[in-house]
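J.:
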Amino acid sequence: MDLNPLDPTPRQWRSLEERAGLCDEQGEFPADACEAPRPGVSRRNFLQLMGASAALAATVACDRKGVPLVPYTRRPTEVVPGVSNLYASTFSEAGRAYPVLVRTREGRPIHVSGHDLGGKAPLRATADLLGLYDPDRLRGPLADGKAIAWDKAMERLGQECRSGKPLLLVTGASASPTRLHLLRELTQALPGLDLLVSEGLPKAPEDLRAWKPRLDQVQVMLSLGADFLTGDDPGLIEAYAKRREPGEAMLRLWVAEGPMSLTGANADHRLLLRPSRVAAFATALGAALREGPGAEPAPPEVDARLWKALVQELRAAGPRALVLCGAVLPEAAHRAVHALNRQLGTLGLVFEPEGKPSGLVPAQALVRLEAGHYGGVIFWGCNPLYASSEAGRWKKALARVPFRCWMGLREDETSAVCSLLLPEHHWLEAWGDHAAPGGHLALQQPVVGALYDTRQGEDVLLALLRGLGKASSPDYLTYLKERWRREVQVSGASVPFDRYFEAALHDGLVKVASPIHPPQSPDRSFPAPGPVPAGFELLLEPDRRVFDGRYGNNGWLQELPEPVSKTVWGNPLMLSLEDARRLSLEDGDLVRMDAGAEHLELPVCIQPGQTPGVLSLALGYGRAHGRVAKGVGFNAFPLLDPSGSGLRLGVELRRLGSRRELPRTQGHHRLAGRDILRIQEAGETAHGNHHAHELPSLYPPQVFGEQRWGMVVDLNRCVGCSTCVLACQSENNIPIVGPEQVARGREMHWLRIDRYYDGDPANPRAAHQPMMCQHCDHAPCENVCPVNATNHSPDGLNQMVYNRCVGTRYCANNCPYKVRRFNFLEFNNAKKEPELLAHNPEVTVRPRGVMEKCTFCIQRIQDARVRAKLEKRPLKDGDITPACVAACPAGAIVFGDLKDPHSRVVHLAEDPRGYKVLEELGVRPAITYLAALRNPLRGGKS
Amino acid sequence: MHGLDRALRFVLPLGILALLATVLLVGWFAQPDRYAQGLSVPQPIPYSHALHAGTLKIPCLHCHSGANRSRMAGVPAVSLCMNCHQVTRTDRPAIQRLAELQRTGQPLVWNRVHAMPDHVYFDHGPHVAAGVACQTCHGEVQTMSQVSLRMSMRMGNCLGCHRDPKAALPKDSPIRKGPEHCNACHR
Chain A
1 MDLNPLDPTP RQWRSLEERA GLCDEQGEFP ADACEAPRPG VSRRNFLQLM GASAALAATV
61 ACDRKGVPLV PYTRRPTEVV PGVSNLYAST FSEAGRAYPV LVRTREGRPI HVSGHDLGGK
121 APLRATADLL GLYDPDRLRG PLADGKAIAW DKAMERLGQE CRSGKPLLLV TGASASPTRL
181 HLLRELTQAL PGLDLLVSEG LPKAPEDLRA WKPRLDQVQV MLSLGADFLT GDDPGLIEAY
241 AKRREPGEAM LRLWVAEGPM SLTGANADHR LLLRPSRVAA FATALGAALR EGPGAEPAPP
301 EVDARLWKAL VQELRAAGPR ALVLCGAVLP EAAHRAVHAL NRQLGTLGLV FEPEGKPSGL
361 VPAQALVRLE AGHYGGVIFW GCNPLYASSE AGRWKKALAR VPFRCWMGLR EDETSAVCSL
421 LLPEHHWLEA WGDHAAPGGH LALQQPVVGA LYDTRQGEDV LLALLRGLGK ASSPDYLTYL
481 KERWRREVQV SGASVPFDRY FEAALHDGLV KVASPIHPPQ SPDRSFPAPG PVPAGFELLL
541 EPDRRVFDGR YGNNGWLQEL PEPVSKTVWG NPLMLSLEDA RRLSLEDGDL VRMDAGAEHL
601 ELPVCIQPGQ TPGVLSLALG YGRAHGRVAK GVGFNAFPLL DPSGSGLRLG VELRRLGSRR
661 ELPRTQGHHR LAGRDILRIQ EAGETAHGNH HAHELPSLYP PQVFGEQRWG MVVDLNRCVG
721 CSTCVLACQS ENNIPIVGPE QVARGREMHW LRIDRYYDGD PANPRAAHQP MMCQHCDHAP
781 CENVCPVNAT NHSPDGLNQM VYNRCVGTRY CANNCPYKVR RFNFLEFNNA KKEPELLAHN
841 PEVTVRPRGV MEKCTFCIQR IQDARVRAKL EKRPLKDGDI TPACVAACPA GAIVFGDLKD
901 PHSRVVHLAE DPRGYKVLEE LGVRPAITYL AALRNPLRGG KS
Chain B
1 MHGLDRALRF VLPLGILALL ATVLLVGWFA QPDRYAQGLS VPQPIPYSHA LHAGTLKIPC
61 LHCHSGANRS RMAGVPAVSL CMNCHQVTRT DRPAIQRLAE LQRTGQPLVW NRVHAMPDHV
121 YFDHGPHVAA GVACQTCHGE VQTMSQVSLR MSMRMGNCLG CHRDPKAALP KDSPIRKGPE
181 HCNACHR
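Protein chains in written order, with the numbering used here: chain A, 1 to 942; chain B, 1 to 187.
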């Protein structure tokens with residue numbers, strides 16, 4: 001009996017059009033490749049195109065005359081010009097902290113990556129480097145729109161605080177104990193001060209939020225709408241990849257969800273379940289586990305055989321089973337899933353509470369604001385006038401407050417209604433400490449001096465305290481050190497504090513584990529979900545790229561394809577194939593969506609695998625401020641349910657008749673119907689895994705020198721999170737091209753993640769494959785280059801020489817993998833001062849008319865090689881980590897020397913799952929892929 | 001004389017000559033400075049390598065301390081000059097200017113003599129480690145009171161040495177060849 005309900009159609013497809021055999025999407029060769037961009041000045045001009053004049057200037061710039069040579073006047077001891085330094089620091093976001101490593105060159109940060117002790121860096125930590133150099137950052141304090149000096153600004157703030165009127169301080173969530181301490185001191189010093197933590201995204205109930213998944217003992221996992229593989233928590237991806245190693249103990253992932261999430265794409269069994277039915281599903285599952293299979297009938301939407309199998313699986317696994325609930329789902333779903341986990345006695349959850357300042361709840365604060373209770377409001381690092389379901393109420397209530405002050409990085413919806421604007425440091429310029437996972441305390445240290453006339457928010461509050469005579473520390477660093485001396489270093493330790501602190505700064509984190517016992521809270525009863533109104537269900541989730549909109553001004557994130565739908569620059573409304581057919585909608589058709597009193601007009605995107613009757617939309621778009629963010633996508637915050645969950649019921653949809661093109665990378669570079677991505681079932685012998693017969697070649701074999709670089713990509717570990725794509729972009733100075741250019745297939749990512757579906761489009765199986773230059777031994781691109789700008793190096797690299805390239809694009813046309821990228825326009829030289837500083841000085845910035853592609857991070861190879869030479873030792877395996885390898889939380893990419901018989905890459909390439917993409921062409925790629933594994937139940941085994 | 005005949009006899013050769021002269025002249029004057037052997041640029045401070053490196057025999061790496069550990073040899077910071085000139089020759093106007101810069105923190109802007117184009121990633125480290133003397137590329141700097149370009153900074157000069165480095169290396173060096181593939185210098 002085959003329990004796998006998936007359609008066994010072997011053919012893979014990348015878009016619905018491709019599956020239907022239609023080719024209305026652009027084919028292999030993009031249209032109007034030589035056309036200039038449309039006339040008219042767009043907002044995002046700065047990302048684009050300066051045209052021929054800049055190109056001409058750039059070619060001359062190679063040989064500028066009279067370049068000055070400016071040494072340091074006093075050289076900092078740790079800086080050697082030309083050598084990069086690494087500093088441990090901490091990235092924090094909405095109350096979660098991630099230890100990271102920041103690479104700086106001559107004192108400016110150029111790359112953010114993970115940390116040996118603290119784990120890999122999340123996607124947005126790497127991307128937020130661009131936030132430091134954002135030209136939209138506020139460069140000095142403003143009062144009523146006019147620049148003023150900090151002294152004057154602080155005087156005004158101090159006056160307001162001392163006036164005795166009640167004040168409200170609204171902050172973003174933070175896990176910093178020292179900041180918490182400072183806020184406590186401030187509330188003691190100012191009795192009229194109320195604190196409010198404002199984070200507008202829907203979240204799990206507070207008492208359940210502290211339970212974090214831990215996968216090392218989990219055998220069966222059921223995700224009820226929990227998209228835990230998005231890369232928000234790289235540690236979780238790492239743990240998941242580890243538990244997916246082939247073998248008897250391989251974890252099995254069941255997913256029941258409404259929209260098609262990245263986690264759903266990785267599932268062994270995926271069920272379609274409306275989000276409103278999650279609570280009922282979990283309760284039914286609990287009853288079935290108690291009563292035994294068969295006693296409880298399957299919920300109507302679930303196949304009876306699958307239901308029985310799921311119940312049996314969970315019963316058999318017992319405490320080794322784990323059920324996760326989507327964070328944005330209503331409270332009833334969370335309670336039901338928690339009860340189910342307690343019933344199973346799961347070992348897969350640990351208790352890790354998040355620190356938070358005690359303060360008001362938003363509802364109370366709003367009522368008081370509306371009553372005119374407060375004489376002043378201070379916003380600090382939050383944006384409730386955008387990122388909140390009550391943004392409209394906030395705006396009205398604020399009109400009654402005479403003094404409105406704002407501290408933040410760049411002007412936003414909230415700063416627009418404030419009179420005193422105090423610019424804050426970026427996190428790479430500021431001090432701090434954060435409670436990190438695993439009982440660690442992570443230190444955040446500035447890696448660059450303040451670029452502008454800004455101050456750290458904590459320093460501003462500390463200055464207020466000093467003004468009240470309640471603090472003595474001259475700055476926040478001293479304040480932090482004093483608290484660490486008092487509270488963090490174990491009293492009576494033999495190490496002097498300064499050395500202890502130095503060591504903590506070096507490592508970036510210290511262990512401060514005090515065992516925390518989970519509270520014995522009984523299962524709370526929760527209201528049974530009421531009747532579901534007719535109409536669509538709309539699920540609103542934070543976007544994995546721009547989060548709650550705070551990274552909207554980041555072009556890297558805007559242009560990173562969403563891993564499943566492959567859309568960029570915006571948030572189309574995702575809907576199912578069946579609903580699209582019913583309403584005769586196509587990709588890009590505009591619809592009017594009505595949810596209660598709110599409505600939106602936006603384009604739709606048809607998503608295979610979406611549950612019929614379920615719509616999904618990402619939060620965080622449709623910002624009104626920021627030169628990149630403004631006008632991209634649609635603001636979905638007003639649609640949030642007033643109860644705080646991300647599920648909205650009774651949504652109406654109406655076709656409008658007009659269209660808007662969706663920029664997406666899905667159909668570009670299609671690889672027509674060949675055996676590109678292999679998926680096997682676990683335990684099955686690699687029968688389909690034939691190695692293509694090695695074809696005889698007319699070309700002489702490559703002669704290699706000491707090394708031959710190669711790579712192994714384990715598709716079973718890759719979950720498709722795209723962190724590598726972003727790390728590659730940051731490391732290799734890859735430009736942002738903007739939505740119009742992406743729509744023409746001109747995206748520049750050297751490394752892309754291809755997503756393939758197979759099977760029934762109503763619930764297809766999906767898998768991801770990172771695709772970059774394969775560094776073929778017999779590279780087809782090399783033979784056709786008329787100027788020999790691309791050729792082979794003795795260490796097996798397909799080298800691309802920009803200064804030789806004349807832009808014929810023959811190579812790109814002849815590349816079977818479609819990984820070469822052409823600079824159709826001047827994408828890079830239009831950039832100006834602050835953005836330029838984000839460039840990696842070890843990589844050439846390519847001008848218009850030049851071809852480029854993955855180099856295996858040649859700059860890192862050369863650096864490691866030279867370092868080995870200087871240390872008079874041979875290169876070791878593991879000396880070289882390209883940016884994608886360093887970034888991958890799953891450890892799916894391994895790089896090394898194919899000539900070294902002891903290297904990891906050789907060992908892995910011999911795996912029976914190994915294959916080369918398009919091996920039959922005889923191009924002999926240097927990258928070996930290991931087939932993805934799925935672990936579905938098979939008849940008889942269960 | 002027939003008009004066409006005159007055109008063929010005089011105007012055409014003169015025209016060709018003028019065109020050739022224009023191309024050569026533009027080419028000559030537009031060529032980058034780094035090709036010009038003997039190029040010497042006035043510097044803000046009359047620093048003499050002949051005195052410091054020649055007479056006083058200060059090793060190159062004392063001031064250009066990046067040469068054996070970085071891509072860039074580096075120009076010494078003003079503070080390094082002032083290690084000695086705190087007490088030495090403090091009566092000279094140039095030294096007084098240095099002291100002033102040290103005090104105010106203002107930068108000292110030198111004029112570059114050895115320039116590389118942006119697409120070349122030359123690395124001093126392995127060359128110094130292999131025992132290639134600084135003079136091989138930079139000339140007998142210890143005799144120059146003002147530094148001038150002794151080797152034209154062309155790819156041909158790099159490759160010439162990489163193909164046959166014997167003359168530039170110490171006698172007992174095991175190195176027979178330098179890398180010649182593109183990625184060695186371009187990325």
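Heads up, the beta-carbon is just placed ideally off N, CA and C, and yes, glycines get one too.
Could you check how far apart the C-beta atoms of G359/A and V197/A are, in whole angstroms? I think they sit under 8 Å.
T.: 6 Å
J.: Could you tell me if L122/A is buried or exposed, where buried requires 16 or more neighbouring beta carbons within 10 angstroms of its beta carbon?
T.: First, the residue type needs correcting, since residue 122/A is Pro and not Leu in the sequence shown. Buried.
J.: What residues of chain A sit near L108/B, judged by a beta carbon separation below 8 Å?
T.: V70, P71, T73
J.: Classify W150/A as helix, strand or coil using the three-state DSSP reduction.
T.: helix
J.: Please classify N162/B: does DSSP put it in a helix, a strand, or coil?
T.: The displayed chain sequence assigns His, not Asn, to residue 162/B. Note: H162/B maps to helix in three-state DSSP.
J.: Going by beta-carbon coordinates alone, are V564/A and M260/A separated by less than 7 Å?
T.: yes
J.: Closer than 8 Å by beta-carbon distance: list the chain B residues that pair up with Y802/A, in chain order.
T.: H119, H186
J.: Give a yes or no on whether 7 Å exceeds the smallest Cβ distance from C182/B to chain A.
T.: So, interface residue.
J.: Exposed or buried, which one is G796/A when buried takes at least 16 other CB atoms within 10 Å?
T.: buried
J.: Could you tell me whether the Cβ atoms of A838/A and L236/A are closer together than 7 Å?
T.: Taking 7 Å as the cut-off, the Cβ atoms of A838/A and L236/A do not count as close.
J.: Which residue or residues does DSSP assign as beta-bridge partners of R752/A?
T.: M771/A
J.: So that I know if they touch, is there some Cβ in chain B lying closer than 7 Å to that of K869/A?
T.: yes
J.: Which residues does DSSP pair with T567/A in a beta bridge?
T.: In the DSSP output, where bridge partners are listed per residue, T567/A has R664/A.
J.: Under 7 Å, Cβ to Cβ, is there at least one residue of chain A near G38/B?
T.: no
J.: So what's F637/A in DSSP terms, helix, strand or just coil?
T.: helix
J.: Going along the chain, which residues of its own chain have a beta-carbon closer than 6 Å to the beta-carbon of R6/B, five neighbours each way excluded?
T.: none
J.: Below 8 Å on the Cβ atoms is my guess for L619/A versus P561/A; work out the distance and round it to an integer in Å.
T.: Contact flag wrong, Cβ pair sits at about 18 Å.
J.: Spatial neighbours of R368/A within its chain, please: C-beta separation below 7 Å, excluding the five flanking residues on both sides.
T.: Y374
J.: Measuring only the C-alpha atoms, how far is L285/A from K308/A?
T.: Approximately 10 Å, taken between the alpha carbons.
J.: Roughly how many angstroms lie between the CA atoms of P936/A and L930/A, to the nearest whole one?
T.: 19 Å
J.: For D433/A, which of helix, strand or coil comes out of DSSP?
T.: Strand.
J.: Would you mind giving the Cβ-Cβ distance between E257/A and G247/A, rounded to the nearest angstrom? I have them listed as a contact below 8 Å.
T.: That belief does not hold up - the Cβ atoms of E257/A and G247/A are roughly 27 Å apart, past 8 Å.
J.: By a C-beta neighbour count over all protein chains shown, 10 Å radius and 16 as the cutoff for buried, is I16/B buried or exposed?
T.: I16/B comes out exposed.
J.: To which residues of the same chain is V41/B closer than 7 Å at the C-beta, ignoring the five residues directly before and after it?
T.: N111, V113
J.: Mind pulling the chain B residues with CB within less than 9 Å of T967/A?
T.: The structure shown has nothing for residue 967/A, since chain A only spans 1 to 942.
J.: Kindly list the residues whose CB is nearer than 6 Å to the CB of K177/B, restricted to its own chain and excluding five residues on each side of it in sequence; keep chain order.
T.: none
J.: List the whole-angstrom C-beta distance separating N798/A from T790/A, where the pair is believed to meet the contact cut-off of C-beta under 8 Å.
T.: 6 Å
J.: With H, G and I counted as helix, E and B as strand and the rest as coil, what does DSSP make of K212/A?
T.: strand
J.: Measure the C-alpha to C-alpha separation of E429/A and G105/B and round it to an integer number of angstroms.
T.: 22 Å
J.: Is Q707/A close to chain B? Criterion is C-beta to C-beta, closer than 7 Å.
T.: False, the Cβ-Cβ gap to chain B never drops below 7 Å.
J.: Just to confirm the assignment, what range does the alpha helix (DSSP H) spanning E826/A have?
T.: Element bounds for E826/A: n/a, residue is neither H nor E.
J.: Who are the near neighbours of K212/A in its chain, counting only those whose CB is closer than 6 Å to its CB and skipping five residues on each side?
T.: Taken in chain order, the residues that qualify are V350, E352.
J.: If you run the structure through DSSP and keep just helix, strand and coil, what is Y929/A?
T.: Strand.
J.: When burial is assigned at 16 or more other CB atoms within 10 Å of the CB, is P642/A buried or exposed?
T.: exposed
J.: Which residues bound the alpha helix (DSSP H) around I676/A?
T.: Per DSSP, I676/A belongs to no alpha helix (DSSP H) and is neither H nor E.
J.: If I follow the unbroken alpha helix (DSSP H) through P13/B, where does it start and stop?
T.: Note, P13/B: alpha helix (DSSP H), 12-30.
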